[in-house]
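**Q** Before I ask anything, here is the structure I am working with.
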Amino acid sequence: MIPYGRQDISPDDIRSVLAVLESDWLTQGPSITEFEHMVSSACSSRFSVACSNATAALHIACKALGLGPGDTLWTSPNTFVATANAALYCGADVDFVDIDLETGNMDVVCLERKLQIAAQQGKLPRIVAPVHFAGLSCPMEPIQRLAQQYGFAILEDASHAIGATYRQQPVGSCAYSHITVFSFHPVKIITTGEGGMALTNDETLYRKMTLLRSHGVTRDHEMLENRNEGGWYYEQQDLGFNYRMTDLQAALGVSQMKRIDDFLQKRRLLVRRYREQLRFLPLDLPGEFADSESAWHLFVVRLRPEETGKDRRGVFEALRAKDIGVNVHYIPVPMQPYYRALGFRAEDYPAALTHYERALSLPLHPGITQEQQDYIITTLGGILRG
Numbered sequence: 001m002i003p004y005g006r007q008d009i010s011p012d013d014i015r016s017v018l019a020v021l022e023s024d025w026l027t028q029g030p031s032i033t034e035f036e037h038m039v040s041s042a043c044s045s046r047f048s049v050a051c052s053n054a055t056a057a058l059h060i061a062c063k064a065l066g067l068g069p070g071d072t073l074w075t076s077p078n079t080f081v082a083t084a085n086a087a088l089y090c091g092a093d094v095d096f097v098d099i100d101l102e103t104g105n106m107d108v109v110c111l112e113r114k115l116q117i118a119a120q121q122g123k124l125p126r127i128v129a130p131v132h133f134a135g136l137s138c139p140m141e142p143i144q145r146l147a148q149q150y151g152f153a154i155l156e157d158a159s160h161a162i163g164a165t166y167r168q169q170p171v172g173s174c175a176y177s178h179i180t181v182f183s184f185h186p187v188k189i190i191t192t193g194e195g196g197m198a199l200t201n202d203e204t205l206y207r208k209m210t211l212l213r214s215h216g217v218t219r220d221h222e223m224l225e226n227r228n229e230g231g232w233y234y235e236q237q238d239l240g241f242n243y244r245m246t247d248l249q250a251a252l253g254v255s256q257m258k259r260i261d262d263f264l265q266k267r268r269l270l271v272r273r274y275r276e277q278l279r280f281l282p283l284d285l286p287g288e289f290a291d292s293e294s295a296w297h298l299f300v301v302r303l304r305p306e307e308t309g310k311d312r313r314g315v316f317e318a319l320r321a322k323d324i325g326v327n328v329h330y331i332p333v334p335m336q337p338y339y340r341a342l343g344f345r346a347e348d349y350p351a352a353l354t355h356y357e358r359a360l361s362l363p364l365h366p367g368i369t370q371e372q373q374d375y376i377i378t379t380l381g382g383i384l385r386g
């Protein structure tokens with residue numbers, strides 16, 4: 001089976017992890033700081049907080065931004081459930097803003113309209129969390145302008161988008177947001193096995209997230225309330241979590257970051273071939289935009305069943321039967337039973353629903369060979385043409 005996404009682990013990656021196993025530090029050691037500095041440098045942010053996974057990073061980001069009971073976070077329905085769940089972990093409410101079908105990202109027109117109504121009702125969100133779907137940045141400049149007008153914080157869920165750019169700045173620079181979160185799950189651009197990171201340019205947010213990551217406990221002498229104790233002393237200053245990344249994960253991340261440009265180049269070459277060879281099929285292909293360069297975590301096409309007579313399930317199952325591991329991104333969060341029980345309806349987000357009913361993610365990762373890609377393209381064409 002050709003998987004839709006897969007990690008690329010090199011001998012250098014393995015040696016990096018083995019070196020940590022032979023060192024004095026398996027966790028909370030120097031590899032964490034090295035990885036954080038490397039990502040911050042690549043993304044032009046001041047601070048980074050490595051976490052056990054991206055969900056943990058989203059959670060502490062929400063907490064650091066003050067999200068709590070009585071507050072609401074707005075995000076995209078076209079995302080994994082973790083983006084919305086992070087708000088609920090804080091005791092806050094969540095709501096959704098429909099997507100732009102051209103990008104799969106949050107629709108700024110829908111966002112502005114929803115904000116106008118919320119302002120009249122006195123129900124503005126505390127946080128808006130745009131999701132950079134498939135590696136393409138949301139239109140952050142107009143979202144930032146709306147934040148300045150309506151007073152909400154911006155948390156970028158950039159789980160798909162390390163290596164992407166928006167207006168010639170790296171996603172993760174936080175030029176248009178308070179915090180940006182990356183994921184390092186094995187199917188993402190780089191991997192640490194599991195892992196995530198929150199980036200910010202705000203020192204207060206950085207210190208708060210660092211505290212929350214590790215039980216709310218600090219040994220930092222400058223932060224202690226009681227500075228008269230000895231070197232053993234620590235204080236719990238908040239109710240935090242055990243969201244630490246291990247040095248094993250961080251060492252893998254450091255090694256992977258050294259190859260990120262190669263990973264991105266391979267993904268973009270594969271995308272170029274997909275675009276060249278699929279353009280004559282009855283498909284809607286993902287767009288390319290002058291102000292954004294995608295990291296291409298996913299290559300999501302949309303089927304046209306009215307032209308082919310082929311529904312998405314039939315095409316999906318036919319490709320899987322040919323050992324092509326296509327997938328679907330995403331089932332809209334409001335469709336999930338848990339969120340339906342909260343009163344959400346997928347029908348209230350028609351663009352996200354249309355996307356879901358037609359979307360198919362084709363295999364895209366650096367390990368795909370030209371022969372495998374040709375097989376995917378030829379097989380898909382044969383199925384669509386009957």
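Numbering (the numbering used here) for the sequence shown: 1 to 386.
We put the beta carbon where it would ideally sit given N, CA and C, even for glycine.
The structure displayed is predicted, hence computed values, not measured ones.
With distances taken between CB atoms, is the gap from Leu65 to Ile143 smaller than 7 Å?
**A** In the sequence shown, counting from the first residue as 1, residue 65 sits at position 65. In the sequence shown, counting from the first residue as 1, residue 143 sits at position 143. For Leu65 and Ile143, no; Cβs fall outside 7 Å.
**Q** Taking Arg259 as the reference, which of Ser294, Tyr166, Met335, Thr191 has the closest Cα?
**A** The sequence position of residue 259 within the sequence shown is 259, counting from 1. Residue Thr191 is the option with its Cα nearest to Arg259.
**Q** Candidates Arg320, Leu298, Pro282: which alpha carbon is nearest Glu306's?
**A** Locating residue 306 in the sequence shown gives position 306, where the first residue counts as 1. Comparing Cα-Cα distances from Glu306 to each of Arg320, Leu298, Pro282, the minimum goes to Pro282.
**Q** For Gly172 versus Ala57, is the C-beta distance shorter than 7 Å?
**A** Taking the first residue of the sequence shown as position 1, residue 172 is located at position 172. Taking the first residue of the sequence shown as position 1, residue 57 is located at position 57. Cβ distance not < 7 Å, so Gly172 and Ala57 don't count as in contact.
**Q** Go through the region 270-346 residue by residue and report every complete run of the alpha helix (DSSP H) that reaches 4 residues or more, in order.
**A** Correct list: 305-308, 312-321, 337-341.
**Q** Can the beta-carbon of Ser41 be found less than 7 Å from the beta-carbon of Ser137?
**A** Here the question's residue 41 lines up with position 41 in the sequence shown. Here the question's residue 137 lines up with position 137 in the sequence shown. Result no, Cβ atoms of Ser41 and Ser137 do not sit closer than 7 Å.
**Q** Report the residue from Arg167, Ala295, Ile14 whose alpha carbon sits nearest the alpha carbon of Leu264.
**A** Taking the first residue of the sequence shown as 1, we reach residue 264 at position 264. Per the Cα distances, Ala295.
**Q** In chain order, which continuous runs of the beta strand (DSSP E) of length 3 or greater are located wholly inside the region 87-151?
**A** If we require 3 residues or more, the beta strand (DSSP E) runs fully inside the region 87-151 come out as 93-96, 127-129.
**Q** Using alpha carbons as the reference points, say which of Asn242, Asn226, Tyr233, Asn228 lies closest to Ser214.
**A** Along the sequence shown, read from residue 1 onward, the residue named residue 214 stands at position 214. Of the listed residues, the one whose Cα sits closest to Ser214 is Asn242.
**Q** Any chance the region 5-19 sits against the region 217-228, with 3 or more Cβ pairs inside 8 Å?
**A** Segments in contact, no.
**Q** Give the single residue among Ala290, Tyr356, Ser45, Phe280 whose Cα lies nearest to the Cα of Gly381.
**A** Taking the first residue of the sequence shown as 1, we reach residue 381 at position 381. It is Phe280.
**Q** Count the other CB atoms, across all protein chains shown, that sit within 10 Å of the CB of Tyr274; report buried if there are 16 or more and exposed otherwise.
**A** Here residue 274 corresponds to residue number 274 of the sequence shown, with the count starting at 1. So Tyr274 ends up on the buried side.
**Q** Mind checking who Pro170 pairs with in its DSSP beta bridge?
**A** Counting from one through the sequence shown, the residue named residue 170 turns up at place 170. Thr165, per the DSSP bridge assignment.
**Q** Tell me whether Asn105 is buried or exposed, calling it buried when 16 or more other Cβ atoms sit within 10 Å of its Cβ.
**A** On the sequence shown, residue 105 is found 105 positions in, with the first residue counted as 1. By the neighbour-count rule (16 or more Cβ atoms within 10 Å), Asn105 is buried.
**Q** Starting from the C-beta of Ile377, find all residues in its chain whose C-beta is less than 6 Å away, skip the five residues before and the five after it, and write them out in chain order.
**A** Stepping through the sequence shown from its first residue, residue 377 is reached at position 377. These residues qualify, in order along the chain: Gln277.
**Q** Buried or exposed, going by whether 16 or more other CB atoms sit within 10 Å of the CB of Gly253?
**A** For the purposes of this step, residue 253 is identified with residue 253 of the sequence shown, where counting begins at 1. The residue in question, Gly253, is buried, as its Cβ has 16 or more Cβ neighbours within 10 Å.
**Q** Suppose contacts are defined by Cβ-Cβ distances below 7 Å. Is Gly216 in contact with Gln249 by that definition?
**A** Here residue 216 corresponds to residue number 216 of the sequence shown, with the count starting at 1. Here residue 249 corresponds to residue number 249 of the sequence shown, with the count starting at 1. No.
**Q** Take Thr246 as the anchor and find which of Asp24, Pro3, Pro11 has the nearest alpha-carbon.
**A** Translated into positions along the sequence shown, residue 246 becomes position 246. Out of Asp24, Pro3, Pro11, Asp24 has the C-alpha closest to the C-alpha of Thr246.
**Q** In chain order, what residues of the same chain lie with their CB nearer than 6 Å to the CB of Ala198, ignoring the 5 residues before and after it?
**A** Numbered from 1 along the sequence shown, position 198 holds the residue referred to as residue 198. Excluding positions up to five away in sequence, the list reads Val49, Ala57, Ala61, Ile179, Val181, Met209.
**Q** Just the Cα atoms here: how many angstroms apart are Leu21 and Leu319?
**A** Sequence index remark: in the sequence shown, residue 21 carries index 21 (1-based). Sequence index remark: in the sequence shown, residue 319 carries index 319 (1-based). About 41 Å.
**Q** Could you tell me which residues DSSP pairs with Glu357 in its beta bridges?
**A** Position 357 of the sequence shown holds residue 357. DSSP, once it has assigned bridges, lists no residue as partnering Glu357.
**Q** Can you have a look at Asn78 and say buried or exposed, based on whether 16 or more other CB atoms are within 10 angstroms of its CB?
**A** By 1-based counting over the sequence shown, the position of residue 78 is 78. With 16 or more Cβ atoms within 10 Å of its Cβ, Asn78 is classed as buried.
**Q** Identify whether Val81 lies in helix, strand or coil by the three-state DSSP scheme.
**A** For this step, residue 81 is matched to residue 81 along the sequence shown. Here Val81 sits in coil by DSSP.
**Q** Under 8 Å: do the region 96-110 and the region 149-162 share three or more Cβ pairs, one atom per stretch?
**A** With the cut-off at 8 Å, the region 96-110 and the region 149-162 do not touch.
**Q** Name the residue from Ser76, Ile162, His59 whose alpha carbon lies nearest to the alpha carbon of Gly68.
**A** Residue numbering aside, residue 68 sits at position 68 when the sequence shown is read from its first letter. It is His59.
**Q** Does the beta-carbon of Phe289 have 16 or more other beta-carbons within 10 angstroms, so that it is buried, or is it exposed?
**A** By one-based count along the sequence shown, residue 289 stands at place 289. Classification for Phe289: exposed.
**Q** Please confirm if the region 111-130 is in contact with the region 364-375, defined as three or more CB-CB distances below 8 Å between the two stretches.
**A** The answer is no - the region 364-375 does not touch the region 111-130, with fewer than three Cβ pairs under 8 Å.
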